[in-house]
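Visitor:
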Amino acid sequence: MAEYRFSTTWRVDAPLAAVWDAIYQVDRWPEWWKGAVRTVELEPGDARGVGALQRYTWKGALPYRLTFDMRVLRVERPRVLAGRASGAIEGDGRWSFRGDGARTVVRYDWHIRTREPWMNWLAPVARPLFTWNHDVVMREGARGLARLLGTTVETDGRTFRPVAGCPDM
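Counting with the numbering used here, you get residues 146 to 314 for the letters of the sequence shown.
1) From the DSSP secondary-structure annotation, give me the bridge partner or partners of residue 268.
2) If you pair each beta-carbon of the segment 185 to 203 with each one of the segment 146 to 162, do three or more pairs fall below 8 angstroms?
3) Quick check on the burial criterion: 16 or more other C-beta atoms within 10 angstroms. Buried or exposed for residue 201?
4) Would you give the residue range spanned by the alpha helix (DSSP H) that residue 164 belongs to?
5) Across which residues does DSSP place residue 230 in a beta bridge pair?
6) For the structure I just gave you, are there three or more beta carbon pairs, one from the segment 239 to 249 and one from the segment 164 to 184, closer than 8 angstroms?
7) Based on the DSSP secondary-structure assignment, which residues constitute the bridge partners of residue 198?
8) Within a Cβ cutoff of 8 angstroms, which residues of the same chain sit near residue 214, ignoring the five residues on either side of it in sequence?
9) Buried or exposed for residue 206, going by 16 or more other Cβ atoms inside 10 Å?
10) Would you decide whether residue 312 is buried or exposed? Buried here means 16 or more other CB atoms lie within 10 Å of its CB.
11) Report yes if the CB atom of residue 204 is closer than 8 angstroms to the CB atom of residue 225, and no otherwise.
12) Confirm, please, whether the CB-CB distance from residue 156 to residue 282 is below 8 angstroms.
13) Determine the DSSP secondary structure at residue 296, reduced to helix, strand or coil.
14) Alpha carbons only, please: which of 210, 209, 240 is nearest the one belonging to residue 219?
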């Protein structure tokens, strides 16, 4: 299996509570996050969400989709949301949130291994493309979060702002 480690940071001009709610409500991601094709709750968790099992289908810029399940392992509202993936990919993901007044810094750490035979076979030459595709999905998340919250989101040297009446660029 090919192994990947990704880390993405979003700087969001919005209060911590609003940003936490947007990320925590995974069932709404397809409404605002272009790469999130579908999210389905397979099993509910406890009152905080620990133990919940979600199935995600993602689509980036490349012509493939990935479907995997994510079990919520840790919820420390509004600071940490972490889980373990299984299916087409397996590994661990962790959202971390830090509020600084009217601004929130969000970091997503994703340590995974691909289980799709075709991805593993292509990994020696296609790794840069897979990494780029992941980055595209995360940038679309930043863009969508900016629209959802009506604010500015900075990531990877790019700034996304909601523009009323204009299509996304």
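Quick reminder that beta carbons are idealized off the backbone N, C-alpha and C, glycines included.
Guide: Well, looking at it:
1) Locating residue 268 in the sequence shown gives position 123, counting from the first residue. Bridge partners of residue 268: none, in fact.
2) no
3) In the sequence shown, residue 201 corresponds to position 56, counting from 1. Buried.
4) Position 19 of the sequence shown, counted from the start, is the residue given in the question as residue 164. Run containing residue 164: 161 to 169, per the alpha helix (DSSP H) assignment.
5) Stepping through the sequence shown from its first residue, residue 230 is reached at position 85. DSSP output for residue 230 lists 215, 236 as bridge partner(s).
6) yes
7) Along the sequence shown, one-based indexing puts residue 198 at 53. In DSSP, residue 198 forms a bridge with 188, 216.
8) Position 69 of the sequence shown, counted from the start, is the residue given in the question as residue 214. Closer than 8 angstroms at the Cβ level, and outside the excluded window around residue 214, lie 187, 198, 199, 200, 201, 230, 231, 232.
9) Looking up residue 206 in the sequence shown gives position 61. The residue is exposed, with fewer than 16 neighbouring Cβ atoms inside 10 Å.
10) Here residue 312 is taken as the residue at index 167 of the sequence shown, counted from 1. Bear in mind that a pLDDT of 48 at residue 312, under 50, signals an unreliable position, so the number given afterwards is only what the model happens to contain. Sixteen is the threshold: since fewer than 16 other Cβ atoms of the shown chains lie within 10 Å of the Cβ of residue 312, the residue is exposed.
11) For the purposes of this step, residue 204 is taken as residue 59 along the sequence shown, with counting starting at 1. For the purposes of this step, residue 225 is taken as residue 80 along the sequence shown, with counting starting at 1. Going by C-beta atoms, residue 204 is not nearer than 8 angstroms to residue 225.
12) In the sequence shown, residue 282 corresponds to position 137, counting from 1. In the sequence shown, residue 156 corresponds to position 11, counting from 1. Cβ atoms of residue 282 and residue 156: not closer than 8 angstroms.
13) Within the sequence shown, numbered from 1, the residue matching residue 296 stands at position 151. Coil at residue 296, not helix or strand.
14) Here residue 219 corresponds to residue number 74 of the sequence shown, with the count starting at 1. Answer by Cα proximity: 240.
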